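J.: Keeping their order, the protein sequence lines are chains R and S.
Be aware that the first sequence starts at 1076, since it is given in the numbering used here, and climbs by one per residue.
Be aware that the second sequence starts at 5, since it is given in the numbering used here, and climbs by one per residue.
For each residue, glycine too, the CB sits at the ideal point set by N, CA and C.
Fair warning: this is a prediction, and the values are worked out from it, not measured in the lab.
Quick one: structure below, then a few questions.
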Amino acid sequence: DAGVTQSPTHLIKTRGQQVTLRCSPKSGHDTVSWYQQALGQGPQFIFQYYEEEERQRGNFPDRFSGHQFPNYSSELNVNALLLGDSALYLCASSLIERYGYTFGSGTRLTVV
Amino acid sequence: GDSVTQMEGPVTLSEEAFLTINCTYTATGYPSLFWYVQYPGEGLQLLLKATKADDKGSNKGFEATYRKETTSFHLEKGSVQVSDSAVYFCALSEGSNFGNEKLTFGTGTRLTIIP
């Protein structure tokens, strides 16, 4: 049973560019959450998607946007990249109304 | 807002030593509390959880008790192994559907066990 799959695993972008990160949830899960983990810090909640809609959002600017597709997979888009956006981006999937997050291994984004 | 404060690391112990990693929290309601572990190159894995006061979560020899009076959820293990080397995160979530509420994490504690 495949867990959460994230792609790419590593990415280098230039300041001002745009980036798209992808997540395939664990089989049977219908909810996807995204977290940003800066070096040496704990993960911070970006947003959560369920039924293709943003269900909850953390304190992140509008440059961060997302999408969920009918097959429950999700994308995280970040526009106008800043150096401070360099981080590990984690995707977590779950089944709505049931406990149990499964985290992916993350995408390491470096902005230069 | 909600916050989690955990013991700063890194923590280095010898194999078979006793482990305590302190965690305290601030929350407006009655949160559920979690410990997650992150091994190198891997995603976060749930280690244990507790959903109400005085609950004790336990897994793989690790334990933590939800103490409402001290707003704490300290992680303990009686005898650590080299394989326990990882980064440990304390976290909380508000709301009744704790499975799908956002998690608020502490900054993490890196644990290294020396043979």
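With which residues is Ala-1113(R) paired in a DSSP beta bridge?
T.: Per DSSP, none; premise fails for Ala-1113(R).
J.: In three-state terms, what does DSSP make of Thr-13(S)?
T.: The amino acid at residue 13(S) is misidentified as Thr; the sequence shows Gly. Note: Gly-13(S) maps to coil in three-state DSSP.
J.: Taking Cβ positions only, does Pro-1118(R) come closer than 8 Å to chain S?
T.: Yes, its Cβ sits closer than 8 Å to a Cβ of chain S.
J.: Against chain R, does Phe-77(S) count as a neighbour if the rule is that its beta carbon must be under 8 Å from one of theirs?
T.: No, Phe-77(S) does not count as interfacial toward chain R.
J.: Of all the options Ala-21(S), Thr-55(S), Pro-14(S) and Tyr-43(S), which has the alpha carbon lying nearest to the alpha carbon of Arg-114(S)?
T.: Measuring from the Cα of Arg-114(S), the nearest candidate turns out to be Pro-14(S).
J.: Which residues of the stretch 1150-1181 of chain R have a Cβ closer than 9 Å to any Cβ of chain S? Give them in chain order.
T.: From the stretch 1150-1181 of chain R, only Leu-1165, Cys-1166, Ala-1167, Ser-1169, Leu-1170, Ile-1171, Glu-1172, Arg-1173, Tyr-1174, Gly-1175, Tyr-1176, Thr-1177, Phe-1178, Gly-1179, Ser-1180 and Gly-1181 have a Cβ closer than 9 Å to chain S.
J.: Grab the span of the beta strand (DSSP E) containing Lys-106(S) for me, first residue to last.
T.: Looking at the DSSP string, Lys-106(S) is not in any beta strand (DSSP E), and its letter there is neither H nor E.
J.: If you measure from the beta carbon of Thr-1107(R) to each beta carbon in chain S, is any gap under 8 Å?
T.: Going by the sequence as given, residue 1107(R) is Val instead of Thr. It does not: the Cβ of Val-1107(R) has no partner Cβ on chain S nearer than 8 Å.
J.: Run the CB neighbour count on Phe-1165(R), radius 10 Å, all protein chains shown included, and call it buried at 16 or more, exposed below.
T.: Strictly speaking, residue 1165(R) in this sequence is Leu, with Phe absent from that position. By the neighbour-count rule (16 or more Cβ atoms within 10 Å), Leu-1165(R) is buried.
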